[in-house]
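Enquirer: Before anything else, here's the structure in question.
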Amino acid sequence: MRVVGFVALSAASTTFAAGDPEAGAQLNAQCQGCHGITGFKTAFPTVYSVPKIGGQNYDYLVIALKAYRDGDRTNETMHAIASNLSDQDINDLAAYYSGD
Numbered sequence: 000m001r002v003v004g005f006v007a008l009s010a011a012s013t014t015f016a017a018g019d020p021e022a023g024a025q026l027n028a029q030c031q032g033c034h035g036i037t038g039f040k041t042a043f044p045t046v047y048s049v050p051k052i053g054g055q056n057y058d059y060l061v062i063a064l065k066a067y068r069d070g071d072r073t074n075e076t077m078h079a080i081a082s083n084l085s086d087q088d089i090n091d092l093a094a095y096y097s098g099d
């Protein structure tokens, strides 16, 4: 019975492959242009604040980047950048920014 419970619990949780923070650091040049500047606001098409992503939860970053990449989350800039990222790139960036 214990094995069945463990398998059911494992299948219910979302887990992403481990990323390499060192590889993520190499990919972060496009990210830091907006997310690395405290209080940065863009001017076009409208002014909006860019969130700080350093220290954010690993799984959240993976989900968000995949959603931008796949068009499930809307932001033209993020979609354009994320559309060039592989799953491994996303895992690496998430590891770098989350500190995991």
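For the sequence shown, numbering that gives the first Met the number 0 gives the first residue as 0, with consecutive numbering after it. Where is the CB? At the ideal position from N, CA and C, for every residue including glycine.
By the DSSP assignment, the alpha helix (DSSP H) with residue 90 in it spans what residues?
Expert: Start and end: 86-97.
Enquirer: Within 10 Å of its beta-carbon, does residue 90 have 16 or more other beta-carbons around it, so buried, or fewer, so exposed?
Expert: Buried, by the Cβ-count rule.
Enquirer: Compare the beta carbon distance of residue 85 and residue 57 with 7 Å and say whether it is the shorter of the two.
Expert: Contact flag unset, no.
Enquirer: Assign residue 68 to one of three DSSP states: helix, strand, or coil.
Expert: Helix at residue 68.
Enquirer: So what's residue 55 in DSSP terms, helix, strand or just coil?
Expert: Correct three-state label for residue 55: coil.
Enquirer: For residue 82, which of 64, 99, 59 has the nearest alpha-carbon?
Expert: For the residues 64, 99, 59, the minimum Cα distance to residue 82 belongs to 64.
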